[in-house]
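If you count the sequence shown from 1, position 32 lands on 32 in our numbering, and the numbers rise without skipping.
Report on the structure given below.
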Amino acid sequence: MTAIAFNTLQFTRRLTQAGASQQLAEATAEAFKDACGEAELATKRDIERLEAKIEAKIDRLESRMDVGLAETKNEMIKWGVGLAVAQIALLLGILIKLT
Numbered sequence: 001m002t003a004i005a006f007n008t009l010q011f012t013r014r015l016t017q018a019g020a021s022q023q024l025a026e027a028t029a030e031a032f033k034d035a036c037g038e039a040e041l042a043t044k045r046d047i048e049r050l051e052a053k054i055e056a057k058i059d060r061l062e063s064r065m066d067v068g069l070a071e072t073k074n075e076m077i078k079w080g081v082g083l084a085v086a087q088i089a090l091l092l093g094i095l096i097k098l099t
């Protein structure tokens, strides 16, 4: 993170031109400078790093979802085949019983 560049002299001049006392203008400029220095701003590099982390997490989640979907598909196929076999056995049993 980085701090904002702040021109205290220009800030003080503007305040005094607007009617503030020199002492008030200087104190205000220093307080504003301190506040700007404490502010945490993201640089382009910070944002790029964060973007890379988020993309990596998304890729991992997509991989996990793909695995989960494949497992679900396999489970559905197993159940479908099992039900088909059970139906065939039931029909054969009924046909044998009727004949």
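Don't be surprised by glycine CBs; every beta carbon is placed ideally from N, CA and C.
Item                                                                                                          : Value
Per-residue DSSP class, three states only, for residue 1                                                      : Confidence at residue 1 is low in this model, with a pLDDT of 49, below 50, so the placement of that residue is unreliable and no value is reported for it.
Short Cβ contact (9 Å threshold) for residue 11 with residue 29                                               : yes
CB contact flag (residue 13, residue 25, <9 Å)                                                                : yes
Buried versus exposed call for residue 61 [16 or more other C-beta atoms within 10 Å across all chains shown] : exposed
Residue 98 to residue 85 span [Cα, whole Å]                                                                   : 20 Å
For residue 46 and residue 1, the rounded distance between their alpha carbons                                : Because residue 1 sits at a pLDDT of 49, beneath the cut-off of 50, its placement in the model cannot be relied upon, and the point is left open.
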